[in-house]
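Enquirer: Convert by adding 1076 to the 1-based position in the sequence shown; the result is the number in our numbering.
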Amino acid sequence: MKAHEYWSVGALLTMLGTFYTGYKGTKSSHKYFAASSLLCMIMAIYTGHVSNGKTCKGLRCGKGSECGKLCAYVCF
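(1) Is DSSP giving Gly1101 helix, strand or coil here?
(2) Can you give the Cα-Cα distance for Ser1084 and His1106, rounded to whole angstroms?
(3) Take Tyr1108 as the anchor and find which of Lys1078, His1125 and Phe1095 has the nearest alpha-carbon.
(4) Measure the alpha-carbon distance for Met1117 versus Lys1100 and round it to whole angstroms.
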């Protein structure tokens, strides 16, 4: 789970860099920030869905069938 958090923070920082370089008009830096932002977002999604080859299933809360909220994940 830590890898997902780190990639998400990296994506946020590179997105801020992309906005800043776009505002300043430096196209070469803007391209590199945009590409690295895309890479960080892809890796954040990948590490969030795949955790060491385990499959995760959501558990419903114990309030009965009328409660449709997802309360926890169990990984096998």
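Ideal Cβ positions, reconstructed from N, Cα and C, are used throughout, including at glycine.
Being a predicted model, the structure only gives us computed values, none of them experimental.
Expert: Let's see:
(1) DSSP places Gly1101 in coil when its eight states are reduced to three.
(2) The alpha-carbon separation between Ser1084 and His1106 amounts to approximately 19 Å.
(3) A check of alpha carbon separations from Tyr1108 across Lys1078, His1125 and Phe1095 identifies Phe1095 as the nearest.
(4) Taking the straight line from one Cα to the other gives about 23 Å.
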